[in-house]
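Asks:
In this note's numbering, the protein residues as written are 24 to 490.
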């Protein structure tokens with residue numbers, strides 16, 4: 024029926040400290056048990072969609088693959104962007120890739136970080152858009168507004184066309200008075216950033232308005248390399264591509280833009296206050312996740328990851344506790360979270376990059392303690408996974424198994440360790456760690472040495488292509 028193209032790039036800094044550069048919001052479970060990316064894929068079930076094409080950054084590739092595997096969608100193709108060039112070139116890459124084998128599918132372009140509560144209405148709108156896209160129209164989905172929102176762009180509708188309307192014009196984010204006037208007319212929709220069109224029609228319109236962009240993307244996609252689930256393009260060719268959004272590059276210029284209304288309780292979860300609005304709230308208007316005690320507090324969002332958080336006599340606050348950072352903000356000030364992230368960067372800190380618990384293709388590790396010449400990590404290795412064959416110039420390591428079985432390669436020796444057993448890896452020793460069992464392997468790693476940075480790794484062999 025159509026090929027879903029899911030845009031899974033972006034850093035989501037407005038949801039710091041949960042969202043980090045190397046673990047952004049689309050990979051987080053913010054509204055339920057599944058992540059936003061997983062929900063984006065699953066809400067397509069029943070529509071007859073093809074296996075999805077994900078577009079994400081190189082540094083997020085293993086997150087994307089793991090999350091697809093967890094929902095039995097590991098056949099998904101993951102197209103890796105070497106650099107960000109906004110949405111118009113990314114969609115062009117998807118369209119060119121989709122037409123390489125002589126096919127010309129309909130593309131349904133979705134953001135990986137949107138929340139849509141009413142899946143039935145969402146699917147109804149998608150089905151209504153298909154005939155329009157087959158006629159050569161470039162369909163965008165306009166969210167039926169529920170309030171005079173100043174944080175979204177707007178689409179004004181024109182005359183009726185099938186299940187939608189011709190796009191009269193796009194409007195930038197308005198001030199409050201203008202947004203209220205839009206709402207009063209009933210002719211405006213929020214710009215959702217969801218699209219449907221035939222691949223060739225998108226390329227045709229993009230070539231008409233920005234031929235340099237299509238040429239650069241064509242050069243980039245003509246030299247692809249496939250690695251596991253990943254498709255890599257020519258990095259140098261793509262770096263030369265102009266950057267622009269699909270709205271500016273195509274949708275505001277084409278005469279074939281059509282808007283289909285979408286009334287399905289949609290949110291882009293662009294801030295902590297937006298997340299509070301869509302989360303389940305108690306009788307006092309509080310949205311809690313984790314270990315939280317509330318006394319006389321109302322209309323708060325409290326997210327506790329590892330510790331008990333108590334709130335007393337407060338209202339309209341955002342409180343987010345993680346292992347390495349705590350955010351406390353008033354709900355009407357949450358747009359300034361991006362300023363905090365910029366301050367962290369300018370101070371040379373690292374809390375914007377990653378969590379204390381860092382995910383790798385083989386599992387994850389948590390840096391639970393560190394000093395000037397020592398560091399303690401709790402390492403979890405998935406069943407059947409293996410870390411790279413490596414060595415360190417500046418540190419030695421002591422491994423103590425606390426759960427499961429470890430297969431340890433050091434030098435020419437291979438040993439098996441079970442719970443409460445340990446081994447020592449001298450500085451400069453070539454070694455590798457593997458989980459041969461059926462359950463997670465957990466061990467405590469004690470590092471000691473003059474330099475303990477993650478870049479003190481020389482990889483000789485790696486099944487994940489990092490050597």
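From the three backbone atoms N, C-alpha and C, an ideal C-beta is built for every residue, glycine too.
DSSP beta-bridge partners for residue 274?
Replies: Along the chain shown, read from residue 1 onward, the residue named residue 274 stands at position 251. Per DSSP, none; premise fails for residue 274.
Asks: Sorted by chain position, which residues of the same chain lie with C-beta nearer than 6 angstroms to residue 140's C-beta, five sequence neighbours on each side aside?
Replies: What you label residue 140 is simply residue 117 of the chain shown in a count that begins at 1. Excluding positions up to five away in sequence, the list reads 288.
Asks: In this structure, does DSSP put residue 332 in helix, strand or coil?
Replies: By one-based count along the chain shown, residue 332 stands at place 309. Here residue 332 sits in strand by DSSP.
Asks: Return helix, strand or coil for residue 498, following the three-state DSSP convention.
Replies: In the structure as shown, the chain starts at 24 and stops at 490, and residue 498 therefore has no counterpart that could be examined.
Asks: For residue 387, which residues in the same chain have their Cβ closer than 7 angstroms to its Cβ, ignoring the five residues on either side in sequence?
Replies: Position 364 of the chain shown, counted from the start, is the residue given in the question as residue 387. Within the same chain, residue 387 has close Cβ partners 380, 381 and 403.
Asks: For a quick check, are the C-beta atoms of residue 463 and residue 488 less than 8 angstroms apart?
Replies: On the chain shown, residue 463 is found 440 positions in, with the first residue counted as 1. On the chain shown, residue 488 is found 465 positions in, with the first residue counted as 1. Taking 8 angstroms as the Cβ cut-off, residue 463 and residue 488 do not qualify as a contacting pair.
Asks: DSSP three-state call for residue 27: helix, strand or coil?
Replies: Your numbering for residue 27 matches position 4 in the chain shown. It is a strand residue.
Asks: Which runs of the alpha helix (DSSP H), 4 residues or longer, sit entirely within the segment 209-296?
Replies: Taking 4 residues as the minimum length, the alpha helix (DSSP H) runs contained wholly in the segment 209-296 are 222-232, 234-244 and 258-262, in order along the chain.
Asks: Check each candidate in 343, 273 and 319 and name the one with the smallest Cα separation from residue 357.
Replies: In the chain shown, counting from the first residue as 1, residue 357 sits at position 334. Ranking 343, 273 and 319 by CA distance to the CA of residue 357 puts 343 first.
Asks: Can you give, in chain order, each stretch of the alpha helix (DSSP H) that sits fully within the segment 291-375 and has at least 4 residues?
Replies: 295-301 and 360-369
Asks: Just grab the DSSP bridge partners of residue 465 for me.
Replies: In the chain shown, the residue the question calls residue 465 occupies position 442. Answer is 403 and 426.
Asks: What residue does the alpha helix (DSSP H) around residue 114 start on, and which one ends it?
Replies: Position 91 of the chain shown, counted from the start, is the residue given in the question as residue 114. In the DSSP assignment, residue 114 falls within the unbroken alpha helix (DSSP H) covering 110-121.
Asks: Over what stretch of residues does the alpha helix (DSSP H) that includes residue 101 continue unbroken?
Replies: Indexing the chain shown from 1 puts residue 101 at position 78. Per DSSP, residue 101 belongs to no alpha helix (DSSP H); it is in the beta strand (DSSP E), 100-104.
Asks: Quick check on DSSP: helix, strand or coil for residue 419?
Replies: Start at 1 with the first residue of the chain shown, and residue 419 comes out as number 396. Here residue 419 sits in strand by DSSP.
Asks: Which two residues bound the contiguous beta strand (DSSP E) that contains residue 194?
Replies: As a working note, residue 194 is residue 171 in the chain shown. Looking at the DSSP string, the run of the beta strand (DSSP E) that includes residue 194 is 187-194.
Asks: Under three-state DSSP, which class holds residue 455?
Replies: As a first step, residue 455 must be located in the chain shown, where it is residue number 432. Strand.
Asks: Does the pairing of the segment 270-280 with the segment 186-197 give three or more beta-carbon distances under 8 angstroms?
Replies: yes
Asks: Give the DSSP bridge partners of residue 180, in chain order.
Replies: Your numbering for residue 180 matches position 157 in the chain shown. Within the DSSP secondary-structure output, residue 180 pairs in a beta bridge with 190.
Asks: I need the DSSP call for residue 480, collapsed to helix, strand or coil.
Replies: Here the question's residue 480 lines up with position 457 in the chain shown. Three-state DSSP puts residue 480 in coil, outside helix and strand.
Asks: Only counting the same chain, and skipping five residues up and downstream in sequence, which positions put a Cβ closer than 6 angstroms to that of residue 134?
Replies: As a position in the chain shown, residue 134 is number 111, starting the count at 1. Here the set comprises 30 and 216.
Asks: Which residue comes first and which comes last in the beta strand (DSSP E) that contains residue 133?
Replies: As a working note, residue 133 is residue 110 in the chain shown. From DSSP, the beta strand (DSSP E) with residue 133 extends over 129-134.
Asks: By Cβ distance, which residues of its chain are closer than 7 angstroms to residue 156, with the 5 residues on each side in sequence left out?
Replies: Start at 1 with the first residue of the chain shown, and residue 156 comes out as number 133. Answer for residue 156: 129, 162, 219, 220 and 221, listed in chain order.
Asks: Can you tell me the Cβ-Cβ gap for residue 253 and residue 101, rounded? I've got them flagged as a contact below 8 angstroms.
Replies: What you label residue 253 is simply residue 230 of the chain shown in a count that begins at 1. What you label residue 101 is simply residue 78 of the chain shown in a count that begins at 1. Between residue 101 and residue 253 the Cβ distance is about 5 angstroms, and since that is below 8 angstroms, they are a contact.
Asks: May I ask you to list the residues that DSSP assigns as paired with residue 383?
Replies: On the chain shown, residue 383 is found 360 positions in, with the first residue counted as 1. DSSP lists 386 as the beta-bridge partner residues of residue 383.
Asks: Mind checking which residues open and close the alpha helix (DSSP H) that includes residue 149?
Replies: As a first step, residue 149 is located in the chain shown; it is residue number 126 there, counting from the start. Residue 149: member of the alpha helix (DSSP H) spanning 142-157, first to last residue.
Asks: Among 69, 47, 230 and 211, which residue has its Cα nearest to the Cα of residue 145?
Replies: Working through the chain shown from its first residue, we reach residue 145 at position 122. Nearest of 69, 47, 230 and 211 to residue 145, Cα basis: 69.
Asks: Between 330, 316 and 296, which has its C-alpha nearest residue 324's C-alpha?
Replies: The residue labelled residue 324 in the question sits at position 301 within the chain shown. Among 330, 316 and 296, the Cα nearest to that of residue 324 belongs to 296.
Asks: When burial is assigned at 16 or more other CB atoms within 10 Å of the CB, is residue 106 buried or exposed?
Replies: If you number the chain shown from 1, residue 106 lands on position 83. So residue 106 counts as exposed.
Asks: How about residue 117 and residue 76: do their beta carbons lie closer than 8 angstroms?
Replies: Taking the chain shown and counting its residues from 1, one reaches residue 117 at position 94. Taking the chain shown and counting its residues from 1, one reaches residue 76 at position 53. Yes; because the gap between Cβ atoms is below 8 angstroms, this pair is in contact.
Asks: Does the distance from the C-beta atom of residue 280 to that of residue 260 stay below 8 angstroms?
Replies: What you label residue 280 is simply residue 257 of the chain shown in a count that begins at 1. What you label residue 260 is simply residue 237 of the chain shown in a count that begins at 1. No; because the gap between Cβ atoms is not below 8 angstroms, this pair is not in contact.
Asks: For the beta strand (DSSP E) holding residue 446, just list the boundary residues, first then last.
Replies: As a first step, residue 446 must be located in the chain shown, where it is residue number 423. Start and end: 445-448.
Asks: Between which two residues does the alpha helix (DSSP H) carrying residue 90 extend?
Replies: Here residue 90 is taken as the residue at index 67 of the chain shown, counted from 1. 84-93 is the span of the alpha helix (DSSP H), which, as asked, contains residue 90.
Asks: Kindly list the residues whose CB is nearer than 8 angstroms to the CB of residue 318, restricted to its own chain and excluding five residues on each side of it in sequence; keep chain order.
Replies: The sequence position of residue 318 within the chain shown is 295, counting from 1. Here the set comprises 333, 334, 335 and 336.
Asks: Note down the Cα distance separating residue 406 from residue 490, rounded to an integer number of angstroms.
Replies: Counting from 1 along the chain shown, the entry for residue 406 is found at position 383. Counting from 1 along the chain shown, the entry for residue 490 is found at position 467. About 21 angstroms.
Asks: Might you give, ordered along the chain, the residues of its own chain that have their beta carbon closer than 8 angstroms to the beta carbon of residue 24, omitting 5 neighbours on each side?
Replies: Translated into positions along the chain shown, residue 24 becomes position 1. Excluding positions up to five away in sequence, the list reads 70, 71, 72, 73, 129 and 153.
Asks: Tell me whether residue 65 is buried or exposed, calling it buried when 16 or more other Cβ atoms sit within 10 Å of its Cβ.
Replies: Your numbering for residue 65 matches position 42 in the chain shown. Under this definition residue 65 is an exposed residue.
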